[in-house]
């Protein structure tokens, strides 16, 4: 069988035909034109799905389902997109609307869950039953795979590991709590930590390489300066990796996934990030006496995670 | 069918015959005599199991399995008790040893997982697929039920929610990390917090009611003084409930269980504890805009949790 995966973004609707093993056979995209209401957007989506299927001369009977991933809150059982950060409408009955055009099973989920499913089926966590995928970006996204399926709680709102507090009364988080892991381990947090260090250490290379303009500081700035041996930057990175390690150790103590995947731009640092991270985790983890340890890996699916993970909802079910 | 549940403690071996609904039909116990090696202990256990079955005139063919719960680390697939806090031996092949006497399926798990399963089948979380049970005692124990079954990771070592850090660089924990939830929310932690407050506030009732002997402070001492209106005790309790609420909010953000059960002596405080706890959680939880919220309940199974939960391993499988 084949599966259709839809990555519903604020800019583009990307659709892929995916095989049993999570490989994209063919993909295509159209602009989302996000100001529109859902019936028009779904009409374009349905036409694109049919075009992708026709391109490969696949019979619709050989397509087991359509999965849709998007940033936001799905009601997975109802097939309704309750809320999406990047779209204008709320409570859109996407399943019913798509089935007006293509009458096969339709599944919805959010982008973090779908990314975790993609890693589980075809990426860094393939072959194991339990995995967790953490995506370091503007926030800290997370998806939990248990027995090969997305787990997100009774109301589809779970798996918000980035919004678990690691410092009671700590840094304010966008979610309204103080001290969430996201407020310490996201790329946004690293940028803030780097800016503070640059301000407090005028002689640091952090100031030199940004020409003294703190607004030019990116997530990679502290890594760049650390590679040049800047002691302030080295301290920023060490502290940042500590925060990352504390949260990852929490995840392992709670879930003991066989594989934990880390994705996002920060992973471009490769072993420079991962080696000290793995060392810290191995010293802290509750099961450190056990012979069977969770492996920490870099996520592999990149931009295809949305399509592949959404498509695989049709294989695993919700 | 019936199920045998064994609660293997450091003092007694308690055995119960349990029905499909998690009701104890008959139970009995013998002393563990914990200094012994496992073959002798298992021999007594097997004889007690057979006695309990015979007492009810049940045919062994109507007993689907034997479940054993104990404090420690099981290898659930192998049926081996790798390590138990309260017993002398390591790596005991309990399944094989029991099956020398009674050749039916045998399951092992630790006490926190078994307690959670008992609540799920017959206690405060009955009727829902996903629940988490937190037990506040010397430590903070936790068991996770997903789709009606115990979840504890690929190596059986997960569900250590008490050893998730809520304060990076915080109070030292028995596990070797600093800042674990257990170091703030266990009964032990509450006692330490109460002692510190008594020391710093000589005029507090905390000193009066213990006759000035801080060693007499128990987990309930701060509650007792707070009920009498002591301002120091009220602050201790408010702060303690805050720590409890931060950890519980983390659990809900991650798992969104339909029901979260809290057990342990501190629950005797009833609504005095639960009302402010629920209020704090409802203000902090990530899904606070949703119409579907996790319910926080007091665990119901008490001393029967060990027998019932262990027995139900035979029904749910591992």
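Residue numbers (our numbering), protein chains in the order written: chain V, 14 to 331; chain G, 14 to 331. Even for Gly, the Cβ is constructed at its ideal location relative to N, Cα and C. For clarity, every value in this text was computed on a predicted model and none was experimentally measured.
Assigned secondary structure, residue 141(G) (DSSP; H/G/I helix, E/B strand, else coil): Residue 141(G): coil per DSSP, three-state reduction.
In terms of alpha-carbon separation, which member of 256(V), 277(V), 244(V) and 57(V) lies closest to residue 192(G)? For residue 192(G), the nearest C-alpha among the options comes from 256(V).
Taking 8 angstroms as the threshold, find out whether the segment 301-311 of chain G comes into contact with the segment 312-323 of chain V through three or more Cβ pairs. In short, these stretches do not touch, since the Cβ pair count stays below three.
Any contact of the segment 190-210 of chain G with the segment 251-268 of chain G, i.e. 3+ C-beta pairs under 8 angstroms? They touch, by the three-pair rule.
Can you tell me whether residue 46(G) is buried or exposed, with buried defined as 16 or more other CB within 10 angstroms of its CB? Residue 46(G) should be labelled exposed.
Check whether chain G comes within 7 angstroms of residue 297(V), counting only Cβ atoms and requiring the distance to be less than that. For residue 297(V), at least one C-beta of chain G is nearer than 7 angstroms to its own C-beta.
Cβ atoms of residue 38(G) and residue 62(G): under 7 angstroms apart, would you say? With contacts defined by Cβ atoms closer than 7 angstroms, residue 62(G) and residue 38(G) do not form a contacting pair.
Determine whether the beta carbon atoms of residue 134(G) and residue 180(V) lie at a separation below 7 angstroms. Cβ distance not < 7 angstroms, so residue 134(G) and residue 180(V) don't count as in contact.
Going along the chain, which residues of the segment 250-268 of chain G sit with their C-beta nearer than 9 angstroms to a C-beta in chain V? Answer set for the segment 250-268 of chain G: 255, 256, 259, 260, 262, 263, 264, 265, 266, 267 and 268.
Across the segment 137-157 of chain G and the segment 119-128 of chain G, are there enough close Cβ pairs to call them in contact, namely three or more that are closer than 8 angstroms? Put simply, the segment 137-157 of chain G touches the segment 119-128 of chain G. At least three CB pairs are less than 8 angstroms apart.
Pick helix, strand or coil for residue 228(G), following the three-state DSSP scheme. The three-state reading of DSSP puts residue 228(G) in helix, counting H, G and I together.
Can you tell me whether residue 186(G) is helix, strand or coil according to DSSP? If DSSP states are grouped into helix, strand and coil, residue 186(G) belongs with coil.
Under a three-way DSSP split, which group does residue 46(G) fall into? Under the three-state reduction of DSSP output, residue 46(G) falls in the coil class, being neither helix nor strand.
Return helix, strand or coil for residue 335(G), following the three-state DSSP convention. Outside the shown range of chain G (14 to 331) lies residue 335(G), about which nothing can therefore be said.
What does DSSP give as the partner residue(s) for residue 10(G) in the beta ladder? Only positions 14 to 331 of chain G appear in this structure, which leaves residue 10(G) out of reach.
Once DSSP output is grouped into helix, strand and coil, what is the label at residue 27(G)? Under the three-state reduction of DSSP output, residue 27(G) falls in the strand class.
Under 7 angstroms, do residue 150(G) and residue 198(G) count as touching if we go by C-beta distance? Annotated as distal: residue 150(G) and residue 198(G), with beta-carbon spacing of 7 angstroms or more.
Name, please, each residue of chain V whose Cβ falls closer than 8 angstroms to the Cβ of residue 165(G). Against chain V, a Cβ distance below 8 angstroms from residue 165(G) picks out 269.
With three or more beta-carbon pairs closer than 8 angstroms as the criterion, would you say the segment 159-179 of chain V touches the segment 260-272 of chain G? With a cut-off of 8 angstroms, the segment 260-272 of chain G and the segment 159-179 of chain V count as touching, because enough Cβ pairs lie within range.
Excluding the 5 residues preceding and the 5 following residue 108(V) in the sequence, name in chain order all residues of the same chain whose CB lies nearer than 6 angstroms to its CB. Counting only Cβ-Cβ distances below 6 angstroms, and skipping sequence neighbours, we find 92 and 119.
Thinking just about the alpha-carbon of each residue, which of 79(V), 206(V), 103(V) and 287(V) is nearest to the one in residue 232(V)? Nearest Cα to residue 232(V) within the set 79(V), 206(V), 103(V) and 287(V): 206(V).
Could you tell me which residues DSSP puts in a beta bridge with residue 308(G)? Its beta-bridge partners are 272(G).
Please list, in chain order, all residues of the same chain as residue 234(G) whose beta carbon is under 6 angstroms from its beta carbon, the five residues on each side excluded. So the qualifying residues of the chain are 207.
Determine whether the beta carbon atoms of residue 326(V) and residue 122(V) lie at a separation below 7 angstroms. Taking 7 angstroms as the Cβ cut-off, residue 326(V) and residue 122(V) qualify as a contacting pair.
Going by the DSSP bridge assignment, what does residue 131(G) pair with across the sheet? DSSP lists no partner for residue 131(G).
Check each residue of the segment 291-317 of chain G: if its Cβ is closer than 7 angstroms to any Cβ of chain V, include it; give the result in chain order. Cβ contacts with chain V come from 297, 299, 300, 303 and 305.
With a 10 Å radius around its C-beta and 16 neighbouring C-beta atoms as the bar for buried, classify residue 242(V) as buried or exposed. Its Cβ having fewer than 16 others within 10 Å, residue 242(V) is exposed.
If we define contact as Cβ-Cβ less than 7 angstroms, is residue 190(G) a contact residue for chain V? So yes, residue 190(G) belongs to the interface.
Is the beta carbon of residue 153(G) sitting closer than 7 angstroms to the one on residue 175(G)? When the beta-carbon positions are compared, residue 153(G) and residue 175(G) come within less than 7 angstroms of each other.
By how many angstroms is the C-alpha of residue 276(G) removed from the C-alpha of residue 248(G)? Roughly 23 angstroms between the two C-alpha positions.
For the alpha helix (DSSP H) that residue 166(G) lies in, which residues bound it at each end? Where residue 166(G) is concerned, there is no enclosing alpha helix (DSSP H), given that its DSSP letter is neither H nor E.
Which of the residues in the segment 144-160 of chain G, read from start to end, lie with their CB under 7 angstroms from any CB of chain V? Taking 7 angstroms as the cut-off between beta carbons, the residues of the segment 144-160 of chain G near chain V are 159, in sequence order.
Enumerate in chain order the residues of its own chain whose CB-to-CB distance from residue 190(G) is below 8 angstroms, with the five nearest sequence positions on each side excluded. Cβ neighbours of residue 190(G) within its own chain (closer than 8 angstroms, five residues either side excluded): 176 and 178.
DSSP state of residue 295(V) mapped onto helix, strand, coil: Here residue 295(V) sits in helix by DSSP.
Reduced DSSP category for residue 146(G) - H, G, I as helix; E, B as strand; rest coil: Residue state, collapsed to three classes: strand.
Is the CB-CB distance between residue 18(G) and residue 321(G) below 7 angstroms? Yes; because the gap between Cβ atoms is below 7 angstroms, this pair is in contact.
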